[in-house]
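Colleague: This structure is in C-alpha cells; I'll ask about it shortly.
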Amino acid sequence: MVQPSERVRVSDWAAFVAVAVAFTYSFFQRAAPSSMAASLQQEFDVDGAQLGALSSAYFWPYLGMQFVLGYLFLRFGVDAVVCASMAIAATGSLVFALSESLGVAVLGRCLIGSGVAAAWLGVVTVAQGPAFEKAGLSTTVTGAGVLFGLAGALIAQTPLTSAIELFGFRPVLLWSTVAPAVVAAAFFVRALIGAGVCCRGVDAAKDRGAIQAVDGGRAPALDALLDGHETASDDAAAVEGLAETKPEAPPTVMAAYWAALRSPILLPVVLYGFGIAAPLLAFASLWATPFFEDVYDLDKPTASGVVSAFLVGWGVGGPALGWVVDRLGGGPRGAQWVMMLCPVVGGVALTPVLLADLPVWAAATLMAVAGLASCIAIVLAYTRLVIVRPEGRATAVAIVNAAMILAGASLQPAIGLVLDGVAGGRIHELPSGRKVYPPDAYRWALMVLPGCYVLSTLSFAVAWCVCGHGMARKEHGDGPTPPLLARPVVGGAGKP
Numbered sequence: 001m002v003q004p005s006e007r008v009r010v011s012d013w014a015a016f017v018a019v020a021v022a023f024t025y026s027f028f029q030r031a032a033p034s035s036m037a038a039s040l041q042q043e044f045d046v047d048g049a050q051l052g053a054l055s056s057a058y059f060w061p062y063l064g065m066q067f068v069l070g071y072l073f074l075r076f077g078v079d080a081v082v083c084a085s086m087a088i089a090a091t092g093s094l095v096f097a098l099s100e101s102l103g104v105a106v107l108g109r110c111l112i113g114s115g116v117a118a119a120w121l122g123v124v125t126v127a128q129g130p131a132f133e134k135a136g137l138s139t140t141v142t143g144a145g146v147l148f149g150l151a152g153a154l155i156a157q158t159p160l161t162s163a164i165e166l167f168g169f170r171p172v173l174l175w176s177t178v179a180p181a182v183v184a185a186a187f188f189v190r191a192l193i194g195a196g197v198c199c200r201g202v203d204a205a206k207d208r209g210a211i212q213a214v215d216g217g218r219a220p221a222l223d224a225l226l227d228g229h230e231t232a233s234d235d236a237a238a239v240e241g242l243a244e245t246k247p248e249a250p251p252t253v254m255a256a257y258w259a260a261l262r263s264p265i266l267l268p269v270v271l272y273g274f275g276i277a278a279p280l281l282a283f284a285s286l287w288a289t290p291f292f293e294d295v296y297d298l299d300k301p302t303a304s305g306v307v308s309a310f311l312v313g314w315g316v317g318g319p320a321l322g323w324v325v326d327r328l329g330g331g332p333r334g335a336q337w338v339m340m341l342c343p344v345v346g347g348v349a350l351t352p353v354l355l356a357d358l359p360v361w362a363a364a365t366l367m368a369v370a371g372l373a374s375c376i377a378i379v380l381a382y383t384r385l386v387i388v389r390p391e392g393r394a395t396a397v398a399i400v401n402a403a404m405i406l407a408g409a410s411l412q413p414a415i416g417l418v419l420d421g422v423a424g425g426r427i428h429e430l431p432s433g434r435k436v437y438p439p440d441a442y443r444w445a446l447m448v449l450p451g452c453y454v455l456s457t458l459s460f461a462v463a464w465c466v467c468g469h470g471m472a473r474k475e476h477g478d479g480p481t482p483p484l485l486a487r488p489v490v491g492g493a494g495k496p
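UniProt numbering numbers the first residue of the sequence shown as 1 and each following residue consecutively.
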C-alpha cells in the first residue's frame, strides 16, 4: 500500500493529463493519412511513393526535434515547450487543410510534425518524475499515456473516415485545428501560473524539479516542497530554503549528448526501438487500411476496423505491460523480460496476416496481438533506467524516440516505392481516385516488417549482454553497482 507521503498529488495528475492530451492530437495526425489516402491521391494526383512521402513529411521534422527536446525540457520546462510546440502544430494543421498543391501540403505536414514532437517526450518526462516514481507508478503511468495516443489513433480511423465521407477532408482538417490551439492556450495559462504571473511562483520550480528528477538530483529544499506541506509556515520555510539553494545549471547540449552517446547500451536499444516501432508507424499509420481493402477485399469501414484492432492492442498493451514491469520489481530487469518477448510475439502474430488470406476475425485477432506487442513505452522507460549518467537520460530517451520515428519516416515512402515498382502497369485506379495494387506487390513491400521484428530480437540480445555483463557500469569505473542497475526489490518503485 502506498504511504501518504508517496501519494500522487492532484496537480501532478493534472500535469500528466494535460501533456497526454497533446499526445492524443499527435497520434491523430500520425494515423490520419491511413483514412485520407484515397482523398489525398485524388486531390493531389499522387502515386504510392508520393503518398508515402507526403505522409512521412510529418516524421522528418518530428525526428529532428527529438535531438534538442531533451535540452529544451531541461532549460525551459514542460509547460513552455509544449505550449510553443502545439501552437506550431495548429499552424501546420491550418496550412495542410488549406493547401492547394502537394508542396504546400508537405509544408503543412512538416509543421504539424515539428509541433507535436514534444508531446510524447513530455508524457515520459512527467510520468518518470519524482511524484510517480515515489508512488511506484512510473512505468504504469508511462504505459497509460499510450491510451491517450490510442484515442487519437482510433479517432483517425472509422470516425475520421465517416467524417471525410460526409464533409470532405479539408473541412474536417480545419476543425481539427481547434484541438492543438486549445491545448496551446491551456499550457500558456499553466505556464503563466507556474511562472508566478497569476499566482505564487512555486509551480515553476515544481516542473523544473520534475525534469531534474529525470536527469539528476534536486535541492533538498525542493524535495521538501514537492513532498507537500500542510501549513503556510511549512510552505514559507520550503520556499525560503529553495531561494537559498543555488539551482544547478542545466548541462550544455554537447555535455548531454556526450553523456548519452558514451553509454554502450544506447546503440542496441536504438536499433530495438526502430524495429519494434515499424509495424505501428510504417504499417498501421498508413498502409494497413489500403492493404486490407486490396488484399482482403474489404470495404473501407471494415478495413479500418481491422486496423483499429491493432491500435486497441497497442493502447491496452501500454499500461498492461507497464503494470507487468512494475510487478516484476521495476527497473531494467523487469523491462528486459517484456522486451525479450514482444518482438517474438509480434512477428509470430503479424507475419501470417501479411502472407495468408485469413478470415477477417482471425486477421483482426492477430492484429490485436501484434499491437499488444508494440512495447514503445517500455523501451523509453528502459532507456531512462539504463543510462547511468543523469545529464544524459533525457537526451538518450529523445534519441531512442527519434529512432522509432525514423522507422515511420523511412519505411512509409520505401513501402510505397516498392509497391509502385512491383506493381508496374498493374495498378488499377478507381473512380474515387484511389489506386489499387495487386496482392503480391503488398506482400513483397511489407516483408520489411517481419525483418524489423528480427532486428529487434537480435538487438535485444546485444542489449541484454551489455547490461548483464555490466558494460554500462564502466561509466562509473570499477566501483559499486550504480543504483539503477542494481537488482530492484520486487513490488518496489523501480528503485533498489
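Using N, Cα and C, we set each Cβ at its ideal position, and we do this for glycine too.
If we ignore side chains and look at the alpha-carbon of each, how far apart do TRP13 and PRO130 end up?
Modeller: 12 Å
Colleague: Is DSSP giving GLY241 helix, strand or coil here?
Modeller: Residue placement at GLY241 is flagged as unreliable, the pLDDT there being 49, under the threshold of 50; a coordinate-derived value is accordingly withheld.
Colleague: Please identify the residue among GLY346, GLY371 and VAL17 whose C-alpha is closest to the C-alpha of VAL126.
Modeller: VAL17
Colleague: Report yes or no: do three or more beta-carbon pairs, one from the stretch 55-62 and one from the stretch 401-408, lie closer than 8 Å?
Modeller: yes
Colleague: Tell me whether GLU429 is buried or exposed, calling it buried when 16 or more other Cβ atoms sit within 10 Å of its Cβ.
Modeller: exposed
Colleague: So what's GLU100 in DSSP terms, helix, strand or just coil?
Modeller: coil
Colleague: Nearest to TYR442 by CA position, among VAL68, LEU355, ALA373 and GLY451, is which residue?
Modeller: LEU355
Colleague: Beta-carbon within less than 6 Å of CYS452's beta-carbon, same chain only, minus the 5 sequence neighbours each way: which residues are those?
Modeller: GLY275 and ALA278
Colleague: Could you check which residue in ALA414, TRP314, VAL379 and GLY329 has the C-alpha nearest to that of LEU154?
Modeller: TRP314
Colleague: Mind checking which residues open and close the alpha helix (DSSP H) that includes SER374?
Modeller: Membership of SER374 in any alpha helix (DSSP H) is not indicated, and neither H nor E is assigned to it by DSSP.
Colleague: Quick check on the burial criterion: 16 or more other C-beta atoms within 10 angstroms. Buried or exposed for LEU166?
Modeller: exposed
Colleague: Please say whether GLY145 and ALA377 have beta carbons closer to each other than 8 Å?
Modeller: yes
Colleague: Less than 8 Å between the beta carbons of ALA260 and GLY392, yes or no?
Modeller: Cβ atoms of ALA260 and GLY392: closer than 8 Å.
Colleague: Can we say the stretch 277-295 touches the stretch 410-417, given the rule of at least three CB pairs closer than 8 Å?
Modeller: yes
Colleague: Anyone know if the C-beta pair for GLN29 and VAL106 falls short of 8 Å?
Modeller: no
Colleague: Suppose you measure from the CA of VAL436 to the CA of GLY371; what does that come to, to the nearest Å?
Modeller: 26 Å
Colleague: Relative to the alpha-carbon of ALA20, which residue among ARG170, VAL360, GLN41 and ALA186 has its alpha-carbon at the smallest distance?
Modeller: Considering only ARG170, VAL360, GLN41 and ALA186, the residue with the shortest C-alpha distance to ALA20 is ALA186.
Colleague: Is VAL295 helix, strand or coil when you go by DSSP?
Modeller: coil
Colleague: With which residues is VAL183 paired in a DSSP beta bridge?
Modeller: The partner list for VAL183 (beta bridge, DSSP) is empty, contrary to what the question assumes.
Colleague: What's the C-alpha gap between ARG9 and PHE132?
Modeller: 9 Å
Colleague: On a Cα-Cα basis, can you pick out the residue from ALA335, ALA398 and ARG426 that is closest to TYR382?
Modeller: ALA335
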